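Trainee: Sending over a structure as structure tokens; questions will come in a sec.
Residue numbers (this note's numbering), protein chains in the order written: chain A, 127 to 435; chain B, 238 to 493.
Here it is as structure tokens:
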């Protein structure tokens with residue numbers, strides 16, 4: 127029970143907190159409500175088929191299936207997380223353990239700054255700089271020499287592809303994953319570091335012990351990073367190629383849910399059900415995001431319990 | 238400094254600065270093999286820093302500087318790779334710190350694994366058991382080696398840390414107020430364990446404590462440190478009965 131003198135203040139703050147929760151609930155409701163016509167019409171096939179047949183003639187002529195953008199979201203996010211994870215862990219360890227103090231603080235703030243840059247900047251950089259370089263120096267050589275391996279089997283036409291989107295996303299989520307892992311790393315009390323080193327651990331062995339001590343945080347960073355990657359929109363739309371394509375080849379253009387919405391939403395109102403299909407896609411993103419954040423939060427709590435302060 | 242036979246630990250002209258502050262001031266002492274040295278002094282006198290200068294955990298502290306010589310069983314600590322030096326020594330810390338994500342067994346096994354002391358699983362099991370017995374913990378944990386250490390009491394955790402250090406078969410065992418955070422029963426057990434180690438093994442012990450009683454009770458030699466200076470060093474009996482320095486007298490009486 128809140129003491130009487132504090133009650134007025136409590137009642138003043140309550141509406142602000144309540145508004146946030148209400149907004150979120152409303153958002154979830156709108157997504158579900160607007161998705162419903164599409165879900166009702168196409169059922170599970172909305173997520174298991176790859177079709178995109180809009181028609182202005184009437185609702186009975188349209189057919190949609192989101193499998194390609196779902197596949198693209200999955201592939202690009204996984205590439206991003208797989209590339210970003212080792213880079214983030216290595217950077218955290220290097221900065222925290224090996225870099226001189228001043229350098230460490232400087233680069234730490236640079237990385238934090240990277241996390242806050244507008245995403246369109248990454249998109250432009252990806253489109254103008256990264257994609258051409260990737261195409262001439264990575265994709266083409268790999269395709270020429272290793273085209274018997276399915277991920278390298280197709281000719282990189284424009285360079286805009288699953289791989290380009292995945293790598294750009296990796297660049298974008300590294301600062302974020304780095305931040306999560308760094309926080310956990312700094313929470314490990316010095317006494318465990320001393321214990322590990324007192325056992326005669328080399329830097330590498332010490333690194334492995336430290337990684338095992340923050341393993342839940344690393345899992346959390348991966349999940350939260352995946353969530354970020356899946357929901358990133360503008361930058362991906364610029365480099366993913368925007369084609370309804372399900373292909374094991376990483377050099378082929380594709381789509382993601384977010385980039386699909388960004389590209390098609392302006393015209394969506396001309397076609398029956400298209401908006402509803404996009405809301406259904408958003409609903410999937412929301413569900414995935416909630417799941418990943420939920421697990422991530424549980425993992426971070428475990429870190430805090432272990433090294434509680 | 239030339240190694241003298243028979244000494245486990247030789248320190249000469251040791252100075253330590255941390256962020257420009259002079260923490261250890263020109264300390265020198267020699268401890269023969271298979272003895273217990275108690276380093277006693279009030280809190281903040283530099284005892285823990287001295288210990289960390291011996292196994293080079295001091296390297297972890299940013300902006301620290303060390304001058305002087307430390308020989309451990311003839312090895313010059315500051316001209317070797319730090320990890321090779323640390324493998325000669327085991328350390329037990331003030332707060333029990335078993336790795337929270339490793340089982341009781343793994344906590345003891347990690348040292349030998351890192352240092353490739355064993356060749357087979359059986360040998361490792363044997364070593365883990367041996368270390369836990371030496372730390373007087375085996376009987377209490379033998380049925381639950383796969384449990385995580387947070388299920389143990391604080392005193393048991395501290396003995397687990399002792400076992401972890403012993404599994405390396407260290408020649409020099411460093412203890413930083415090992416009984417400071419455990420109950421009296423466990424404290425007695427730890428002291429007993431230390432005494433019996435000396436009987437059975439080729440090992441030398443350096444124990445940091447802020448209680449003169451413990452120092453007198455357990456040690457062969459005492460080094461009394463005050464404000465970073467070695468005020469008095471000698472045989473425990475001599476120092477307990479005939480302290481030469483006024484500060485030592487005061488500390489033994491509990492007045493500083």
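Think of the CB as a built atom: it goes at the ideal place given N, C-alpha and C, for glycine as much as any other residue.
This one's a predicted model, so the numbers in the text were calculated from it and none came from an experiment.
Check for me: the beta strand (DSSP E) holding residue 254 of chain B runs from which residue to which?
Mentor: 244-255 is the extent of the beta strand (DSSP E) around residue 254 of chain B.
Trainee: Could you check whether the Cβ of residue 336 of chain B sits closer than 8 Å to any Cβ belonging to chain A?
Mentor: Yes, residue 336 of chain B lies at the interface with chain A (some Cβ there is under 8 Å from its Cβ).
Trainee: Check the Cβ of residue 351 of chain B against every Cβ in chain A and list those closer than 7 Å, keeping chain order.
Mentor: The answer, in chain order, is 325, 326, 327 and 331.
Trainee: Ordered along the chain, which non-local residues of its own chain (more than five positions away) have a Cβ less than 6 Å from that of residue 435 of chain A?
Mentor: Low confidence applies to residue 435 of chain A: its pLDDT is 49, below 50, so where it sits in the model is not reliable, and the reading given next is rough at best. Around residue 435 of chain A: no qualifying Cβ.
Trainee: Does the contact criterion of 3 or more C-beta pairs under 8 Å hold for the stretch 373-388 of chain B versus the stretch 405-412 of chain B?
Mentor: Segments in contact, no.
Trainee: How would you label residue 378 of chain A, buried or exposed, when you count the other beta carbons within 10 angstroms and need 16 or more for buried?
Mentor: So residue 378 of chain A counts as buried.
Trainee: With DSSP run on the structure shown, which of helix, strand or coil describes residue 470 of chain B?
Mentor: Reduced to three states, the DSSP call for residue 470 of chain B is strand.
Trainee: I want to see whether chain A comes within less than 8 Å of residue 418 of chain B, judged by CB atoms only; does it?
Mentor: Residue 418 of chain B does not count as touching chain A.
Trainee: May I have the straight-line CA-CA distance separating residue 324 of chain B from residue 318 of chain B, to the nearest angstrom?
Mentor: Their backbone Cα atoms lie some 10 Å apart in a straight line.
Trainee: Give the interface partners of residue 415 of chain B over in chain A, defined as CB-CB distance under 9 Å, in chain order.
Mentor: Within 9 Å Cβ-Cβ: nothing; residue 415 of chain B doesn't reach chain A, min ~13 Å.
Trainee: Kindly give me the distance between the Cβ atoms of residue 306 of chain B and residue 250 of chain B, rounded to whole angstroms, as I take these residues to be in contact under 8 Å.
Mentor: At roughly 7 Å, the Cβ-Cβ gap stays under 8 Å, so residue 306 of chain B and residue 250 of chain B are in contact.
Trainee: When DSSP labels each residue in this structure, what does residue 141 of chain A get in the three-state scheme?
Mentor: Three-state DSSP puts residue 141 of chain A in a helix.
Trainee: Specify the secondary structure class of residue 402 of chain A as computed by DSSP and reduced to three states.
Mentor: Three-state DSSP puts residue 402 of chain A in a helix.
Trainee: Flag residue 362 of chain B as yes if its beta-carbon sits less than 8 Å from any beta-carbon of chain A, otherwise no.
Mentor: Taking Cβ atoms only, chain A never reaches closer than 8 Å to residue 362 of chain B, which makes this a no.
Trainee: In chain order, what residues of the same chain lie with their CB nearer than 7 Å to the CB of residue 264 of chain B, ignoring the 5 residues before and after it?
Mentor: Answer for residue 264 of chain B: 248, 251, 287 and 467, listed in chain order.
Trainee: Is the CB-CB distance between residue 280 of chain A and residue 419 of chain A below 8 Å?
Mentor: Not closer than 8 Å, so no.
Trainee: Under the rule that 16 or more other beta-carbon atoms within 10 Å means buried, what is residue 415 of chain B, buried or exposed?
Mentor: Looking at its Cβ environment, which holds 16 or more other Cβ atoms inside 10 Å, residue 415 of chain B is buried.
Trainee: Which residues, taken in chain order from the stretch 215-238 of chain A, show a beta carbon closer than 8 Å to some beta carbon of chain B?
Mentor: Listed in sequence order: 227.
Trainee: Which two residues bound the contiguous beta strand (DSSP E) that contains residue 340 of chain A?
Mentor: Per DSSP, residue 340 of chain A belongs to no beta strand (DSSP E) and is neither H nor E.
Trainee: Run down chain B in chain order and give the residues with a C-beta less than 8 Å from the C-beta of residue 339 of chain A.
Mentor: Neighbours of residue 339 of chain A on chain B, chain order: 336, 337 and 338.
Trainee: Can you tell me whether residue 132 of chain A is buried or exposed, with buried defined as 16 or more other CB within 10 angstroms of its CB?
Mentor: So residue 132 of chain A counts as exposed.
Trainee: Start and end of the alpha helix (DSSP H) containing residue 270 of chain A?
Mentor: Segment 266-272, the alpha helix (DSSP H) holding residue 270 of chain A.
Trainee: Counting only beta-carbon separations shorter than 8 Å, does residue 311 of chain A have a partner in chain B?
Mentor: It does not: the Cβ of residue 311 of chain A has no partner Cβ on chain B nearer than 8 Å.
Trainee: Residues in its own chain within less than 8 Å of residue 477 of chain B by CB, not counting five upstream and five downstream?
Mentor: Same-chain partners within the cutoff: 453, 459 and 489.
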